[in-house]
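Enquirer: Following this message is one structure expressed as structure tokens.
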């Protein structure tokens with residue numbers, strides 16, 4: 157039987173000229189810098205490795221003897237593939253496992269899951285990213301909590317009858333997705349454009365249907381915006397100017413702010429979700445709210 161071991165990498169990045177923040181770069185496997193690999197199997201088998209050669213040797217040494225457990229491991233796989241040309245296995249991913257549990261929280265970040273399942277507060281701070289020693293400590297806690305989640309999810313996936321599906325279908329497809337994202341896919345430009353145009357036509361048809369169904373409410377939005385515009389003007393607008401402004405203020409079904417206004421103020425729909433990071437309720441029209 158393979159020995160369970162939780163693994164996690166830490167990366168860093170600097171803001172670039174395209175407008176990406178340091179965090180954006182750190183989360184991009186082609187642009188980031190690999191800081192180190194953390195692992196935890198037991199109090200006597202844990203560590204944080206920064207030397208690339210040692211990371212390769214360590215991963216090679218545990219490949220056949222240990223059960224590799226990650227949290228969102230496809231990011232780690234892609235980064236290690238890009239930086240070190242190694243592709244470690246992902247036998248159990250705690251983010252993917254949590255996605256199949258009925259009691260999962262809205263956010264599947266590691267600290268959100270630990271808070272939901274174990275009631276433990278987040279151990280992560282922005283200051284951790286500025287010091288390698290603090291980053292090492294944070295990474296080892298990540299690994300310990302990932303291993304703890306593995307035991308919890310293994311038991312609960314069995315209870316809800318999802319373990320066989322998870323092991324035989326979900327995890328193999330997760331690895332396939334990671335490899336596809338890493339290597340890319342060949343796109344037929346003509347077929348892609350045809351599908352794009354088809355989707356645009358379908359979206360416009362839906363917008364036409366929604367505009368018809370909620371004509372009076374959409375009309376209220378337009379008139380309110382036009383009324384605000386008239387107040388700001390120094391002289392009364394002409395009928396042609398009003399018509400032009402009405403067209404410009406047409407209700408945009410692809411704007412979450414405008415959809416929120418319609419659902420909340422006119423249809424009295426509770427558009428609230430729990431923001432795990434900031435520990436408060438926020439307004440939202442995300443899928444998790446509308447479903």
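Numbering (this note's numbering), first residue to last: 157 to 447.
C-beta atoms are modelled at their ideal positions from N, C-alpha and C, and glycine is treated no differently.
Decide if residue 246 is buried, meaning its Cβ has at least 16 other Cβ atoms within 10 Å, or exposed.
Expert: Taking the chain shown and counting its residues from 1, one reaches residue 246 at position 90. Residue 246 is buried by the Cβ-count criterion.
Enquirer: In three-state DSSP terms, what is residue 260?
Expert: The residue labelled residue 260 in the question sits at position 104 within the chain shown. Of the three classes helix, strand and coil, the one that applies to residue 260 here is coil, per DSSP.
Enquirer: For residue 289, which residues of its own chain have a beta-carbon under 7 Å away from its beta-carbon, when the five flanking residues on both sides are left out?
Expert: If you number the chain shown from 1, residue 289 lands on position 133. Same-chain partners within the cutoff: there are none.
Enquirer: For residue 195, which beta-bridge partners are listed by DSSP?
Expert: Counting from 1 along the chain shown, the entry for residue 195 is found at position 39. DSSP, once it has assigned bridges, lists 163 and 203 as partnering residue 195.
Enquirer: Can you have a look at residue 252 and say buried or exposed, based on whether 16 or more other CB atoms are within 10 angstroms of its CB?
Expert: For this step, residue 252 is matched to residue 96 along the chain shown. Its Cβ being crowded by 16 or more others within 10 Å, residue 252 is buried.
Enquirer: Contact between the segment 296 to 308 and the segment 220 to 230 is defined here as three or more beta-carbon pairs at a separation below 8 Å; is this criterion met?
Expert: They touch, by the three-pair rule.
Enquirer: Where do the N-terminal and C-terminal ends of the beta strand (DSSP E) with residue 222 fall, by residue?
Expert: Here residue 222 corresponds to residue number 66 of the chain shown, with the count starting at 1. Element bounds for residue 222: 222 to 226.
Enquirer: If you measure between the beta carbons of residue 239 and residue 190, is that distance less than 9 Å?
Expert: Locating residue 239 in the chain shown gives position 83, counting from the first residue. Locating residue 190 in the chain shown gives position 34, counting from the first residue. Yes. Within cutoff.
Enquirer: Taking the C-alpha atoms as reference points, what is the distance between residue 374 and residue 413?
Expert: The residue labelled residue 374 in the question sits at position 218 within the chain shown. The residue labelled residue 413 in the question sits at position 257 within the chain shown. If I take the Cα positions, the gap works out to 14 Å.
Enquirer: Pair every Cβ in the segment 309 to 316 with every Cβ in the segment 249 to 265, then say whether three or more of these pairs are closer than 8 Å.
Expert: With a cut-off of 8 Å, the segment 249 to 265 and the segment 309 to 316 count as touching, because enough Cβ pairs lie within range.
Enquirer: Taking 8 Å as the limit between beta carbons, can you name the residues of its chain near residue 337, skipping five residues before and five after?
Expert: The residue labelled residue 337 in the question sits at position 181 within the chain shown. Contacts found: 230 and 234.
Enquirer: What is the residue span of the alpha helix (DSSP H) that residue 180 lies within?
Expert: Here residue 180 corresponds to residue number 24 of the chain shown, with the count starting at 1. Where residue 180 is concerned, the enclosing alpha helix (DSSP H) stretches over 178 to 182.
Enquirer: Closest by CA to residue 277, which one among 443, 409, 434 and 350?
Expert: The count along the chain shown starts at 1 and reaches residue 277 at position 121. The option with the nearest alpha carbon to residue 277 is 434.
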